[in-house]
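Read the structure below first, then the notes.
In the working numbering, the protein residues as written are 0 to 302.
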């Protein structure tokens, strides 16, 4: 059996189309199709049914390609064992907002503790396939319910208003927020309604429209610049709160139902380099939250 033919079959089954498989393998669509046809002849069994919607796995093909996927994963792991560079390279997939506002400013401490590791940050908001990529670990915000991965809660997210000190001086009660421009994050999964309920205002007041952004980093920057009040959460705003660029008026936070999670493949135990990074990051979060603990308190006003 030709390895290229088996690889073509596995790629088409996993990617769902000839076109995507060809892109992954770096060959033409016709080359992938020919490899599949040739390999099916060698096997004497049909792996795919040809239909108007493209290739569909037969019942035998589904089991066959599932085992091929497991086999190719083992081959990749075997090669990685002999690759010293791979064992020392740690690839972390993380959303740009978390990387910029929390991770990057602290990486010098990681490098000092683990000088033997070379860290590569893959800044992306998309979910990555940990079983079919070079990514060792992902940091994601959500509810932690992602199929096929191991998700360990790093920090449950609480939301609260933030603004520049000059604007905070104008706020006496939570209702006063309606007198200021409200900065909007168009991609956010959180809303003002739950915070106003925690603050004792239901229904909440009509909020005047302020600047609108598609990136939470820009919303935080706009708040620092005094352009309005924004909803924020701990790790993206903790440093600005600590050094006084931002203020969290009223000291009221509310649980968002989301959190930051460390995400690894469910197929195998994380290697030592992943465990080292995860432990270090958990320490950094704990230290930051200890400092942040002097600020807003969940569900109540600061005294």
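Note that CB positions come from ideal geometry on N, CA and C, so glycine has one too.
Since the model is a prediction, treat every value here as computed from it, not as a measurement.
**Report entry** For residue 157 and residue 302, the rounded distance between their alpha carbons
**Finding:** Summary for residue 302: the model assigns pLDDT 29, below 50, so the residue's position carries little reliability; its value from the coordinates is reported in the next sentence. Cα to Cα, the separation comes out at about 19 Å.
Requested in this report: Name the residue from 90, 173, 97, 133 whose alpha carbon lies nearest to the alpha carbon of residue 120.
Outcome: 90
Report task. Could you tell me whether any non-hydrogen atom of the ligand MN is closer than 7 Å to the CB of residue 15? Result -> The ligand content of the structure shown is nil, which means the ligand MN is not present either.
Query raised in the report: According to DSSP, what are the bridge partners of residue 53?
Result: 50
Query raised in the report: Going by Cα to Cα distance, which pick from 183, 256, 37 is closest to residue 162?
Result: Closest in C-alpha terms to residue 162, from the list 183, 256, 37, comes 183.
Query raised in the report: Within the chosen definition, does the region 128 to 146 reach the region 240 to 251 through at least 3 CB pairs nearer than 8 Å?
Result: no
Report task. Could you tell me whether the region 86 to 101 touches the region 34 to 48, where touching means 3 or more Cβ pairs closer than 8 Å? Result -> no
Requested in this report: Quick one: using the 10 Å Cβ neighbour count with 16 as the cut-off for buried, is residue 278 buried or exposed?
Outcome: exposed
Query - Sufficient close CB pairs (3 or more, under 8 Å) joining the region 166 to 177 to the region 132 to 144 - result: no
Query raised in the report: Is there contact between the region 232 to 242 and the region 261 to 272, where contact requires at least three CB pairs shorter than 8 Å?
Result: no
Query raised in the report: If you draw a straight line from the C-alpha of residue 11 to the C-alpha of residue 117, how long is it?
Result: 33 Å
Query raised in the report: Taking C-alpha atoms, which residue in 160, 134, 155 lies nearest to residue 148?
Result: 134
Query raised in the report: Out of 264, 259, 190, 219, which has the shortest C-alpha to C-alpha gap to residue 245?
Result: In terms of Cα proximity to residue 245, the closest of 264, 259, 190, 219 is 219.
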